[in-house]
Amino acid sequence: MNQKLRRLVQQLGEAIHETVSESEQIAGVVADIKKQGFEVLLMLEATIGLNEVEQQPGGAGMPSNAQQDEDGTFSEHDVSFLKSLRISVASDEGKA
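The opening residue of the sequence shown carries number 1 in the UniProt record's numbering; numbering runs sequentially from there.
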């Protein structure tokens, strides 16, 4: 893995950590657990996998192994996961 890619993966890990650390929802649940008389130790493990994408001639840059719904939109599960990472999806306005 080259240095630039290694740095980007490290930045991704730091961004995930920061997002979890600043989550009001997580902080609220942790506070509720503490009110019940427990100390909370939260440890998360993130596995970041990388696959090099081969560009298709005339393609839109979509990896050949990417899976989408038939109409090309995200599933409700996909949207839920992205929202948990605080990523908004323009096509999720009518869902949820």
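Glycine is no exception: its CB is placed at the ideal position from the N, C-alpha and C atoms.
None of the values given here were measured: they were computed from a predicted structure.
Cβ of residue i within 7 Å of any chain C Cβ
i: PHE81; result: In the structure shown, chain C cannot be found, because there is only a single protein chain.
Delimiting residues of the alpha helix (DSSP H) encompassing residue i
i: ARG86; result: Unbroken run through ARG86: none, as it is neither H nor E.
i: ILE16; result: 3 to 21
i: GLU24; result: 24 to 35
Distance, residue j Cα to residue i Cα
i: PHE81; j: SER75; result: 10 Å
i: THR47; j: GLY37; result: 32 Å
i: LEU44; j: HIS77; result: 21 Å
i: ASN2; j: LEU8; result: 10 Å
i: GLN55; j: SER21; result: 36 Å
i: ALA27; j: SER84; result: 14 Å
i: GLU14; j: ILE33; result: 26 Å
i: GLU52; j: SER23; result: 32 Å
Residues near residue i in its chain [Cβ-Cβ closer than 6 Å; skip 5 each side]
i: residue 129; result: There is no way to answer for residue 129, as the model of the chain reaches only from 1 to 96.
Among the options, nearest to residue i - alpha-carbon criterion
i: LEU42; options: LEU85, HIS17, GLN55 and ASN2; result: HIS17
i: ARG6; options: THR19, VAL89, GLY49 and SER88; result: GLY49
i: ARG86; options: LYS4, GLN25 and LYS35; result: GLN25
Contact test: residue i Cβ vs the ligand SAM heavy atom, cutoff 6 Å
i: GLU39; result: This structure lacks the ligand SAM; in fact it carries no ligand of any kind.
Residues near residue i in its chain [Cβ-Cβ closer than 7 Å; skip 5 each side]
i: SER88; result: none
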